[in-house]
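So this is what it looks like as structure tokens:
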């Protein structure tokens, strides 16, 4: 009976919670699905399509981890979280990992007791204004009304930036990106500020994108990445190295199309170690040797995921910029697989 | 007539003339327009201004509807087809109507189930809403409906709801047998009988999980307007009886019961609904081990029901307070005991007085179910705000989607309001 199990579990709630928090990998394997926290809807990063399947840049990270751990990229239970509920959902164990374009900050890492597994998108906060205002720099925004999402780091960055430059502004608080667009278009605020990726996506949806400019100032560092709870380093390792595998795969030219051929064995020992034909990296993490092959096959390597969801061929049209490989002038740099 | 005045009066009418039509300016449309739209200068000016505004609105909005695009795969395609003309992009509704109604995770092959449950709701509610015209035997349908609806919406074997229903039946039979001896004893025995039935039935369900089984749909896969409707119907129908009990409890002379009710009502009414929802979503999870998450919908139903019960209890308390003391004394003098007096004398009158207030709470509650979108459940509003506006195809479509939400909510709320007015007229026994 489910009921008696539930009651029994309640009585030993403390014990059970303490014990189960320590081995997320076992929990995930026993459950057969990965509980992954995502945004309830963010253009290009996470949104269900017309068939009801989740798609997006962050979603692909969840799928890659599920493929590596469970062998099935669809074995993911996506738990939508808002900016306010995301951290409690992770801390309470409702989700195993959070891939919800969350900025890696000191206090979130240290004080909130989370562990960031890496960075899957280097973003920065920017400003968008109507072209007709004729403003060319954020420093000229004195007295402007600014649409800003509450409960995010953008709110704090904005206050810091305006204070540092000794100019004033009037905030117009909004809940989601979707709310900001009509407000901005109707002129309820002069400026819309959020991460530059979000600005590009928003501008792309306008009827006349050319009437709006994104100011050159990027006022913050927003390294966005997946995160897990403190205290289960084994699980953190799996998420971290799955993300690194996707990044390294692009660097070494391993794609979803050729991964099967390369997994037969290549001349490049680094690729061999990544794909499990040499060494025992998978075993060290408690997974099998093919873990990275499956992760890459799920949605492709980092570059493929980028192009599919937010790259220049999509309506969002983001260029790689900081998110290019280190060999091409970007910041993506996976530690060696050795 | 004599001819006394034959010389002095030229003509005397000796038959009645037939009734004449009133002058053109005092009849029909002209009269209506004159007396309603142009009775004096001020009203005439207001009428003209209003007509001008309505004309502007219609002329402005008409092309938006007339040029509306129903067949496109994205907002940018809509704009291409429109090519600068004004027009709505209704293609988003054509593509995503199923997500707006049922959420994006409800399996599309099973849409007939919520649809059937919705139709059956009308059948089940009719005996309750129009009891004075329908035989009371039909109330059996109403009693069966929750179990059938659960089976249709959530799926699984039919034995689960059947056992649940059986438990209630057994409890009632036991209660009816023992009630004459002692009310409290009967109540206790009924509870024991029900739990025993559920326990034994649970074993049966575990043994035969595939009897008449529909594919199971998890709660987290419910969404769209269906979710609003489930929450609205369940919470309103649960909160009414609980509200009555709370209202009576608050008036009780037994101090413990009274104070429990007072504390509950005052606490719940003192906390915003959104806070309770956050508690249901976020805080409760801390108290349970990760494996035993109670269903989120269940948590939300409990919170909304508690919230609505507290309000309804206060509305009914108002009704009770409005009854003259003589009614209570009349019941006592007839020798009725407390339950009989309440059931036969007090409650029918108090509830009648409370109808407008109860309906007010019910309509408000139904609309408040959209607040669950804040805790990232995908009800109708959550679907619009989250997944649909965040898809690369439909990012930027607003009027069409929110218009659809209005089309969903308005008829329901308006129907509730009309029903309550009709009910008030039906129950009117005074001669105001």
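Protein chains in written order, with UniProt numbering: chain P, 1 to 338; chain H, 1 to 432.
We put the CB at the ideal spot given by N, CA and C, even for glycine.
Bridge pairing for residue 360 of chain H: absent [DSSP]. Taking all protein chains in view, the Cβ of residue 151 of chain H is crowded by 16 or more other Cβ atoms within 10 Å, so the residue is classified as buried. When secondary structure is reduced to three states using DSSP, residue 201 of chain P falls in the helix class. A straight-line Cα-Cα distance of about 9 Å links residue 244 of chain P and residue 302 of chain P. Contact of residue 343 of chain H with chain P by beta-carbon distance below 9 Å is absent, the smallest such distance being about 33 Å. At a cut-off of 8 Å between C-beta atoms, residue 335 of chain P does not count as an interface residue with respect to chain H.
With its beta carbon less than 8 Å from one in chain P, residue 104 of chain H belongs to the interface. Taking 8 Å as the cut-off, the Cβ atoms of residue 120 of chain P and residue 225 of chain P count as close. Taking 8 Å as the cut-off, the Cβ atoms of residue 396 of chain H and residue 206 of chain P count as close.
Taking a beta-carbon distance threshold of 8 Å, residue 392 of chain H counts as an interface residue toward chain P. For residue 209 of chain P, no chain H residue has a C-beta closer than 9 Å to its own C-beta; the minimum C-beta separation is roughly 10 Å. A straight-line Cα-Cα distance of about 21 Å links residue 211 of chain H and residue 219 of chain H. When C-beta atoms of the stretch 272-283 of chain H are compared with those of the stretch 340-359 of chain H, fewer than three pairs fall below 8 Å, so the two segments do not count as touching. Boundaries of the alpha helix (DSSP H) harbouring residue 404 of chain H: 399-427, taken from the DSSP string.
Judged by DSSP secondary structure, residue 309 of chain P falls within the alpha helix (DSSP H) whose first and last residues are 302-309. Taken in chain order, the whole alpha helix (DSSP H) runs of length 4 or more contained in the stretch 8-75 of chain H are 28-32 and 41-66. A straight-line Cα-Cα distance of about 8 Å links residue 189 of chain P and residue 144 of chain P.
Measuring C-alpha to C-alpha distances from residue 147 of chain P to each of P/195, P/112, P/113 and P/106 identifies P/195 as the nearest.
Shown in chain order are the members of the stretch 394-406 of chain H whose Cβ falls below 8 Å from a Cβ of chain P: 395, 396 and 398. By the criterion of at least three beta-carbon pairs nearer than 8 Å, the stretch 257-270 of chain H is not in contact with the stretch 72-90 of chain P.
Under the three-state reduction of DSSP output, residue 161 of chain H falls in the helix class. Look at residue 243 of chain H here: in three-state DSSP terms it is helix.
By the criterion of at least three beta-carbon pairs nearer than 8 Å, the stretch 285-296 of chain P is not in contact with the stretch 309-318 of chain P. Uninterrupted alpha helix (DSSP H) stretches at least 4 residues long and entirely within the stretch 225-275 of chain H occur at 255-269, given in chain order. In this structure the stretch 316-327 of chain P does not touch the stretch 259-267 of chain P; the number of beta carbon pairs closer than 8 Å is below three.
For the pair residue 375 of chain H and residue 277 of chain H, the CB atoms are nearer than the 8 Å cut-off.
In this structure, residue 304 of chain P places its C-beta atom within 8 Å of the C-beta atom of residue 256 of chain P. Residue-level contact check: residue 228 of chain H does not touch chain P, since none of the beta carbons of chain P fall below 8 Å from its beta carbon.
Closest by C-alpha distance to residue 63 of chain H, out of H/181, H/12, H/239 and H/84, is H/84. Inter-segment contact for the stretch 37-54 of chain P and the stretch 268-280 of chain P is absent: fewer than three beta-carbon pairs are separated by less than 8 Å.
Scanning chain P for C-beta atoms nearer than 7 Å to the C-beta of residue 389 of chain H yields 41 and 178, reported in chain order. Contacts with chain P at 8 Å (Cβ-Cβ) do not include residue 210 of chain H.
The three-state secondary structure of residue 327 of chain P, taken from DSSP, is helix. By the C-beta density criterion, residue 334 of chain P is buried, having at least 16 other C-beta atoms within 10 angstroms.
Taking all protein chains shown into account, residue 59 of chain H has fewer than 16 neighbouring C-beta atoms within 10 Å of its C-beta and is therefore exposed.
In this chain, the beta strand (DSSP E) harbouring residue 169 of chain P covers 169-174.
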